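K.L.:
Residue numbers (numbering that gives the first Met the number 0), protein chains in the order written: chain A, 0 to 198; chain B, 0 to 198; chain C, 0 to 198; chain D, 0 to 198. Have a look at this one.
4 protein chains.
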Amino acid sequence: MPTSRVEAFSDGVFAVAITLLVLDLRVPITSKPLITALADEWPAFAGFLISFIVIGVVWVNHHGVFHRVANVDRPLLFLNLFLLMAVVLIPFATALMAQYVAHGGAQAEVAAAMFNGAQVLMALGFQGCTFWLDGHPQLLAGHAQPTTVAQRLRFGSGLLVYLLCIPLSFVSPIAALGLDGVVAAFYITDQLSSRRTAG
Amino acid sequence: MPTSRVEAFSDGVFAVAITLLVLDLRVPITSKPLITALADEWPAFAGFLISFIVIGVVWVNHHGVFHRVANVDRPLLFLNLFLLMAVVLIPFATALMAQYVAHGGAQAEVAAAMFNGAQVLMALGFQGCTFWLDGHPQLLAGHAQPTTVAQRLRFGSGLLVYLLCIPLSFVSPIAALGLDGVVAAFYITDQLSSRRTAG
Amino acid sequence: MPTSRVEAFSDGVFAVAITLLVLDLRVPITSKPLITALADEWPAFAGFLISFIVIGVVWVNHHGVFHRVANVDRPLLFLNLFLLMAVVLIPFATALMAQYVAHGGAQAEVAAAMFNGAQVLMALGFQGCTFWLDGHPQLLAGHAQPTTVAQRLRFGSGLLVYLLCIPLSFVSPIAALGLDGVVAAFYITDQLSSRRTAG
Amino acid sequence: MPTSRVEAFSDGVFAVAITLLVLDLRVPITSKPLITALADEWPAFAGFLISFIVIGVVWVNHHGVFHRVANVDRPLLFLNLFLLMAVVLIPFATALMAQYVAHGGAQAEVAAAMFNGAQVLMALGFQGCTFWLDGHPQLLAGHAQPTTVAQRLRFGSGLLVYLLCIPLSFVSPIAALGLDGVVAAFYITDQLSSRRTAG
């Protein structure tokens with residue numbers, strides 16, 4: 000089966016998920032000064048920004064993985080569906096985190112752990128697709144290079160960090176989220192530099 | 000008419016329907032422990048998971064049916080629209096089921112019957128498309144094999160089971176939903192094994 | 000400019016609009032018998048069904064119009080945007096109609112008039128695209144036939160009936176909506192039969 | 000990397016964002032005359048119309064920019080994501096403006112400033128993509144002309160006007176929004192006339 004419909008369907012899910020984020024931004028109905036009312040909503044704005052970046056980066060990565068694929072089989076379709084389920088959960092996990100991380104205490108710990116749980120699902124989805132493709136090179140496009148050890152380490156370390164962040168959330172939610180930010184920044188700059196190396 | 004726009008439109012509907020599921024997961028606004036508040040929402044999480052799997056499997060099947068098609072005519076467009084209407088109803092039917100199945104009594108019976116009613120509509124949509132294609136082989140792609148008796152039995156038995164589940168819902172909602180689960184598991188493993196046979 | 004992105008964008012709008020309809024179906028939170036609570040929601044179900052059919056038929060027609068087009072220019076892009084705006088308004092107009100048509104009196108009259116107003120916008124959008132294409136045959140694909148007088152009458156009479164339905168709504172909302180149903184049925188059967196003639 | 004998936008993803012975001020606008024139109028549940036209740040909702044209708052036009056014009060421009068592109072690299076992907084984030088914010092900014100601009104005083108000033116802030120983000124996104132493409136002509140399609148000074152002035156003056164409108168919002172919100180309308184009208188007619196010159 001060709002990849003066109005998988006890509007179209009996946010792009011659709013990414014596009015809807017990233018656009019639905021705006022539904023969490025609500026026009027305040029208030030008699031307070033509007034600027035104060037908007038400032039009070041800062042967790043919603045922070046959540047919007049984080050989710051947008053996370054889903055955006057995942058979409059760029061998805062683009063990268065499927066760019067190497069020429070044909071899909073049914074297990075790959077289901078692995079991709081699992082990955083998309085994790086993507087769809089990100090707005091919920093981020094809204095939860097944005098709502099409760101400032102509360103401190105057990106509420107913040109649970110919220111940070113849930114957010115990292117969603118990240119683990121997503122990393123597992125990517126690992127699943129990559130492993131399946133490594134074992135079935137006949138699905139790859141002619142121009143695709145086999146995955147290098149460096150690439151596997153890079154993807155694998157992301158999963159490892161997200162996994163570690165779940166127990167860390169119960170020690171320090173802020174530290175766990177800070178580590179998430181480092182991983183995201185690493186993926187973005189890494190992608191930009193790998194482009195430069197290729198060029 | 001070529002199939003490209005039908006596939007693009009259908010993929011769009013599938014993508015939106017599967018992503019809208021996340022709107023049923025609400026961030027609890029609560030002073031209870033967050034973990035308890037989330038646990039109280041288990042029917043919403045169960046509904047999300049079931050709907051995601053059902054729509055995902057239907058999308059894979061839709062992919063399979065239209066992969067064999069080279070041209071669409073107007074009746075096929077309308078049959079496909081009917082199928083998509085059933086897909087769009089799945090999130091509603093699942094949310095209804097998730098909300099009321101734990102209540103027991105008449106509420107659970109009606110909810111399970113409605114859920115199976117939506118499944119019947121979906122199976123009818125697939126049957127309609129398949130019958131039309133069988134009667135109009137000029138619409139099929141050159142590489143497409145005619146439908147085998149085994150495939151017809153497989154699709155037809157799904158419709159039959161869902162139909163039987165409607166009266167069964169009024170006897171035992173749990174038994175009806177269990178049978179739905181068996182059918183879903185059958186379709187997933189069947190698809191995976193048919194791939195292996197082909198390979 | 001090629002038509003591919005216009006079609007992709009339009010299909011996206013149609014797919015989102017037709018799928019958002021499900022948001023008007025709400026799971027009743029009730030202590031009444033569930034079957035009664037669902038029956039009380041019949042205007043929502045009727046609205047869902049009507050909107051789905053209307054948007055579905057418009058999508059099939061849009062498919063038909065743009066199938067003849069090879070290139071788009073900027074005025075056609077804006078005419079298409081106008082048509083899409085009318086499509087996006089249909090769920091709102093139908094929900095309004097479904098909510099108020101059973102009330103009788105002035106509420107029903109205004110609701111039916113608004114519903115027909117949305118239909119007029121949509122018919123105007125189609126007329127605009129068709130007129131522009133008639134005046135700019137260089138945009139048409141090689142295989143496209145010029146619009147026949149019969150086709151123009153068919154499209155034009157739809158616009159005329161919808162226009163007449165606005166004042167008629169204030170005399171008898173039921174008669175106006177009945178006439179809408181006749182036009183929809185005419186378009187569906189007409190499309191099916193024109194296919195048969197062509198084949 | 001080819002542009003197909005970037006365009007598909009972007010079209011998806013545009014399509015969802017423009018269709019979600021209808022969620023701000025609510026069926027009034029009222030015992031007042033329906034026509035009065037709808038008239039009371041005029042800011043929602045005005046917001047719908049303005050957002051639809053703004054997103055529609057941005058989509059036409061996006062179409063124009065990426066029509067010249069043959070390949071995308073990662074920085075362009077991220078610049079495009081930034082532009083899409085601004086697009087996704089437009090419904091929120093417009094709803095805010097529609098809600099508060101009639102209030103007068105500080106509420107109207109803040110709302111108009113936020114609306115123009117969203118426009119600035121969008122103009123920055125376009126500038127970013129155009130600058131990157133100017134510096135990397137190897138990404139352009141063979142048929143693409145280099146950007147002319149006139150085009151740069153046209154795009155750049157839009158950004159400048161939106162920037163000026165932020166402080167202007169605190170002097171006169173109505174004047175700032177009027178100037179926004181002039182820019183939008185300029186882009187639409189400019190696009191139509193540039194087409195005529197080309198033809």
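No residue lacks a Cβ here, since even glycine has one placed at the ideal position from N, Cα and C. All figures in this text were calculated on a predicted structure; none of them were measured in a lab.
(1) Is A/Arg4 buried or exposed, if buried means 16 or more other CB atoms sit within 10 Å of its CB?
(2) Could you tell me whether any Cβ in chain D is nearer than 7 Å to the Cβ of A/Arg194?
(3) Can you pull the chain C neighbours of D/Asp10, defined as C-beta to C-beta under 8 Å?
(4) Is the stretch 120-137 of chain B close to the stretch 151-158 of chain B, with three or more CB pairs under 8 Å?
(5) Give, in chain order, every residue of the stretch 16-31 of chain A whose Cβ lies closer than 8 Å to some Cβ of chain D.
(6) For B/Leu88, which residues in chain C fall below 9 Å Cβ to Cβ?
(7) Mapping DSSP to helix, strand and coil, what is D/Asn115?
(8) My guess is that C/Leu159 and B/Ala110 are in contact by the Cβ rule of under 8 Å, so how many angstroms apart are they, rounded?
(9) Between D/Thr18 and C/Leu19, which are expected to be in contact by the criterion C-beta below 8 Å, what is the C-beta distance as a whole number of angstroms?
(10) Check whether chain B comes within 7 Å of A/Met84, counting only Cβ atoms and requiring the distance to be less than that.
(11) Note down the Cα distance separating C/Asn264 from D/Thr188, rounded to an integer number of angstroms.
(12) On a Cα-Cα basis, can you pick out the residue from D/Ser168, D/Val15, D/Ala38 that is closest to D/Glu108?
(13) Could you check where the alpha helix (DSSP H) with A/Gly55 kicks off and where it finishes?
(14) Could you pull the start and end residues of the alpha helix (DSSP H) that C/Gln98 belongs to?
(15) According to DSSP, C/Leu199 sits in a beta bridge with which residue or residues?
(16) Taking only the alpha-carbon atoms, compute the straight-line gap between D/Ala149 and D/Ala97 and give it to the nearest angstrom.
(17) So A/Val12 and A/Val87 are supposed to be a Cβ contact under 8 Å. How far apart are they, rounded?
(18) Measure from the alpha carbon of A/Phe77 to the alpha carbon of each residue in B/Cys164, B/Gly55, B/Gly124, B/Leu139, then state which is nearest.
(19) Give the range of the alpha helix (DSSP H) segment to which B/Asp23 is assigned.
(20) Going along chain D in order, which residues have a C-beta closer than 7 Å to the C-beta of A/Phe51?
(21) Are there 16 or more other CB atoms within 10 angstroms of the CB of A/Pro136, so buried, or fewer, so exposed?
(22) I need the DSSP call for A/Pro1, collapsed to helix, strand or coil.
(23) Under a CB-based cut-off of 7 Å, is A/Leu33 close to chain G?
(24) Short of 8 Å in beta carbon distance, which residues of its chain neighbour D/Arg25, apart from the five on each side in sequence? Order them along the chain.
(25) Helix, strand or coil, according to DSSP, for B/Pro145 in the structure here?
(26) Rounding to the nearest angstrom, what Cα-Cα distance links C/Tyr161 and C/Val170 in this structure?
(27) Output needed for A/Val21: all residues of its chain with C-beta closer than 8 Å, excluding positions within five of it in sequence on either side, in chain order.
(28) By how many angstroms is the C-alpha of C/Ala16 removed from the C-alpha of D/Ser50?
(29) Any idea what DSSP makes of A/Gly157, helix, strand or coil?
(30) Do the CB positions of A/Ile89 and A/Val53 come within less than 7 Å of each other?
(31) Name, please, each residue of chain A whose Cβ falls closer than 8 Å to the Cβ of D/Met0.
(32) Compare the C-alpha of C/His66 against each of C/Ser9, C/Phe185, C/Ile165 and name the closest.
(33) Check whether the Cβ of B/Leu75 lies closer than 7 Å to any Cβ atom in chain C.
(34) Ignore the nearest five residues each way along the sequence and tell me which others in D/Thr2's own chain have a CB closer than 8 Å to its CB.
(35) Indicate the three-state DSSP secondary structure (helix, strand or coil) for C/Glu124 in the structure shown.
P.N.:
Let's see:
(1) Mapped onto the first sequence, residue 4 of chain A falls at position 5. The residue in question, A/Arg4, is buried, as its Cβ has 16 or more Cβ neighbours within 10 Å.
(2) Position 195 of the first sequence holds residue 194 of chain A. Low confidence applies here, because A/Arg194 scores a pLDDT of 46, under 50, leaving its location unreliable and the question unanswered by this model.
(3) Here the question's residue 10 of chain D lines up with position 11 in the fourth sequence. The contacting residues are Arg4, Ala7, Phe8, Gly11.
(4) Yes, the stretch 120-137 of chain B is in contact with the stretch 151-158 of chain B.
(5) Under the 8 Å Cβ criterion, the stretch 16-31 of chain A contributes Ile17, Thr18, Leu19, Leu20, Val21, Leu22, Leu24, Val26, Ile28.
(6) Stepping through the second sequence from its first residue, residue 88 of chain B is reached at position 89. Contacts between B/Leu88 and chain C, judged by CB atoms closer than 9 Å, involve Val21, Leu24, Phe47 in chain order.
(7) For the purposes of this step, residue 115 of chain D is taken as residue 116 along the fourth sequence, with counting starting at 1. Looking at D/Asn115 - three-state DSSP - the assignment turns out to be helix.
(8) Taking the third sequence and counting its residues from 1, one reaches residue 159 of chain C at position 160. Taking the second sequence and counting its residues from 1, one reaches residue 110 of chain B at position 111. The pair is not a contact, with the Cβ atoms about 46 Å apart (cut-off 8 Å).
(9) For the purposes of this step, residue 18 of chain D is taken as residue 19 along the fourth sequence, with counting starting at 1. For the purposes of this step, residue 19 of chain C is taken as residue 20 along the third sequence, with counting starting at 1. 7 Å between Cβ atoms; contact.
(10) If you number the first sequence from 1, residue 84 of chain A lands on position 85. Judged by the 7 Å Cβ criterion, A/Met84 is in contact with chain B.
(11) The shown model of chain C, from 0 to 198, leaves out residue 264 of chain C, and the question about it has no answer.
(12) On the fourth sequence, residue 108 of chain D is found 109 positions in, with the first residue counted as 1. When only C-alpha atoms are compared, the closest one is D/Ser168.
(13) The sequence position of residue 55 of chain A within the first sequence is 56, counting from 1. 41-66 is the span of the alpha helix (DSSP H), which, as asked, contains A/Gly55.
(14) The residue labelled residue 98 of chain C in the question sits at position 99 within the third sequence. Counting along the chain, the alpha helix (DSSP H) containing C/Gln98 begins and ends at 73-99.
(15) What is shown of chain C runs 0 to 198, which leaves residue 199 of chain C out entirely.
(16) For this step, residue 149 of chain D is matched to residue 150 along the fourth sequence. For this step, residue 97 of chain D is matched to residue 98 along the fourth sequence. Going from the Cα of D/Ala149 to the Cα of D/Ala97 covers about 34 Å.
(17) In the first sequence, residue 12 of chain A corresponds to position 13, counting from 1. In the first sequence, residue 87 of chain A corresponds to position 88, counting from 1. With 8 Å as the limit, A/Val12 and A/Val87 qualify as a contact, their Cβ atoms being about 7 Å apart.
(18) If you number the first sequence from 1, residue 77 of chain A lands on position 78. Closest option to A/Phe77, Cα to Cα, is B/Gly55.
(19) To locate residue 23 of chain B, count along the second sequence from 1; it is residue 24. Looking at the DSSP string, B/Asp23 is not in any alpha helix (DSSP H), and its letter there is neither H nor E.
(20) Mapped onto the first sequence, residue 51 of chain A falls at position 52. Within chain D, Met84 have C-beta atoms less than 7 Å from the C-beta of A/Phe51, given in sequence order.
(21) The residue you call residue 136 of chain A lines up with position 137 of the first sequence. Burial call: exposed.
(22) On the first sequence, position 2 is the one that residue 1 of chain A refers to. Residue state for A/Pro1 is assigned as strand, using DSSP reduced to three classes.
(23) This model lacks chain G altogether, as its protein chains are A, B, C and D.
(24) Taking the fourth sequence and counting its residues from 1, the one referred to as residue 25 of chain D is at position 26. Here D/Arg25 has Glu40, Ala43 as same chain residues with Cβ atoms under 8 Å from its own Cβ, once five neighbours each way along the sequence are excluded.
(25) Taking the first residue of the second sequence as position 1, residue 145 of chain B is located at position 146. Under the three-state reduction of DSSP output, B/Pro145 falls in the coil class, being neither helix nor strand.
(26) As a first step, residue 161 of chain C is located in the third sequence; it is residue number 162 there, counting from the start. As a first step, residue 170 of chain C is located in the third sequence; it is residue number 171 there, counting from the start. For C/Tyr161 and C/Val170, the distance between alpha carbons rounds to 15 Å.
(27) The residue you call residue 21 of chain A lines up with position 22 of the first sequence. If we look at A/Val21 and ignore the five residues flanking it on each side, its Cβ neighbours are Phe47.
(28) Counting from 1 along the fourth sequence, the entry for residue 50 of chain D is found at position 51. Counting from 1 along the third sequence, the entry for residue 16 of chain C is found at position 17. Those two C-alpha atoms are separated by around 16 Å.
(29) Here residue 157 of chain A refers to the residue found at position 158 when the first sequence is read from its first residue. Reduced to three states, the DSSP call for A/Gly157 is helix.
(30) Position 90 of the first sequence, counted from the start, is the residue given in the question as residue 89 of chain A. Position 54 of the first sequence, counted from the start, is the residue given in the question as residue 53 of chain A. Result yes, Cβ atoms of A/Ile89 and A/Val53 sit closer than 7 Å.
(31) Here the question's residue 0 of chain D lines up with position 1 in the fourth sequence. Within 8 Å Cβ-Cβ: His62, His66.
(32) Your numbering for residue 66 of chain C matches position 67 in the third sequence. The shortest Cα separation from C/His66 among C/Ser9, C/Phe185, C/Ile165 belongs to C/Ser9.
(33) Translated into the one-based positions of the second sequence, residue 75 of chain B becomes position 76. No, B/Leu75 lies away from the interface with chain C (no Cβ there is under 7 Å from its Cβ).
(34) Indexing the fourth sequence from 1 puts residue 2 of chain D at position 3. Same-chain partners within the cutoff: Phe65, Val68, Ala69, Asn70, Val71.
(35) Stepping through the third sequence from its first residue, residue 124 of chain C is reached at position 125. In the sequence as presented, Glu is not what sits at residue 124 of chain C; that position holds Gly. In the structure shown, C/Gly124 sits in a helix (DSSP, three-state: H, G or I).
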